[in-house]
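Heads up: the sequence shown at position 270 corresponds to 453 in my numbering, and the numbers run straight through without jumps. Where is the CB? At the ideal position from N, CA and C, for every residue including glycine. No experiment lies behind these values; they were computed from the predicted model shown.
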Amino acid sequence: MNDLYICNGSSNYISKINLIDNLHQKIYLENESRIIGIHGIDFFNDKVYIATNNSYNFYEIDVNTLRIKVWNIGMFTNDLKIINDSMYLIGSDTNCLVVYDMRNKYLCYQIECGNYPQSMDINDKHKLLCVTSSKSDQINVIDYNLNDIVKKFRTYSFPMNSKFYKDSKYIFVCESRFGDNSSGNFSIYDFDSGQNYKSIRLNNAPIDMFIDYESRCVFVSNYLGNCVSVVDLSELKEIGRIYVNGNPSGVYRNGRFLYVVLSDKEVLIKYDLYTHNNEVIEIGEDPSRIYGC
């Protein structure tokens, strides 16, 4: 992995950060006349695909030539995943997961998946997608060969992100509890039973996570808590907090460095986990999610 890609919700470009020299490259999708709401990214071969929640398009970037292709689908999207010749997109205005045939250029499936689907994760081994529906307090698991919901999980209020763990034996969920006047949870759900296996109380509004398989830890950003929680998966408890002096959203680890997006400061923090020093890299307005490629 050489680069990080960051969604800037109120700038019409994604930020590409080189991990060697911290060089910031702006890749514009549109001019600044109307904000398109960049909100999700996926990769396939030498292409980057971008979801936008204030535009009826999704975008394709060739990473070698930076050529941009616009795909019109007639809906706002919060996240997307490409599988073969099909693009799976969750619609913030339709409350559906739609399947778009990129070869023939038409919408071929529509699956209702709760109120305000916010994010997606994929498990290719078991051909599964999990969709986090924030305002329905639920996770929907879709078999993408069948294009149908095979499981539903009830969660604590306002989940923001969910990820498969251990080949789908468990699903990890960031339960923000926005509006509850209460600290949020990092919760673990058993895939087979659908039951809550463990909930760990964190700080205010956990919204994103990075699973570090090597150290058996999860880094969880607490959006209203000004910190990133470190959760030990062996002991199933919070073992530390990294304070970042801002509203952390996206979080990503690469080697000794933890990268944290601060949405209110429009910066990326590069935090050294060994020395506890950090560098600050300016990025776009209202940054949110961060991806490695």
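Inset, instruction - Could you give the DSSP three-state label for S275: helix, strand or coil? - result: coil
Inset, instruction - Leaving aside the five residues before and after Y196 along the sequence, list all residues of the same chain whose C-beta is less than 7 Å from its C-beta, in chain order. - result: K209, I210, Y211, L212, G467
Inset, instruction - Report yes if the C-beta distance between Y435 and F393 is below 9 Å; otherwise report no. - result: yes
Legend entry - Option nearest K230 by Cα separation, candidates I422, D204, S351, I266: I266
Legend entry - Spatial neighbours of N462 in its chain, beta-carbon cut-off 6 Å, leaving aside the 5 residues before and after: Residue identity differs from the one stated: residue 462 is Glu in this sequence, not Asn. Within the same chain, E462 has close Cβ partners K453.
Inset, instruction - Whole angstroms is fine: what's the gap from G438's alpha carbon to V413's? - result: 16 Å
Inset, instruction - Using only alpha-carbon positions, find the residue among S365, F341, S471, W254 that is nearest to R286. - result: W254
Legend entry - Three-way DSSP call (helix, strand, coil) for K352 in this model: coil
Legend entry - Identity of the residue in D373, L311, Y442 nearest F336 by Cα: D373
Legend entry - For F468, the residue or residues it bridges with in DSSP: Looking at the sequence provided, one finds Glu at residue 468 rather than Phe. For E468, which the question treats as bridged, DSSP gives no partner whatsoever.
Legend entry - Cβ neighbour criterion (16 or more within 10 Å) applied to Y353: buried
Inset, instruction - Name, in chain order, the residues that DSSP records as bridge partners for H207. - result: I200
Inset, instruction - Kindly indicate which three-state DSSP category K288 falls into: helix, strand or coil? - result: coil
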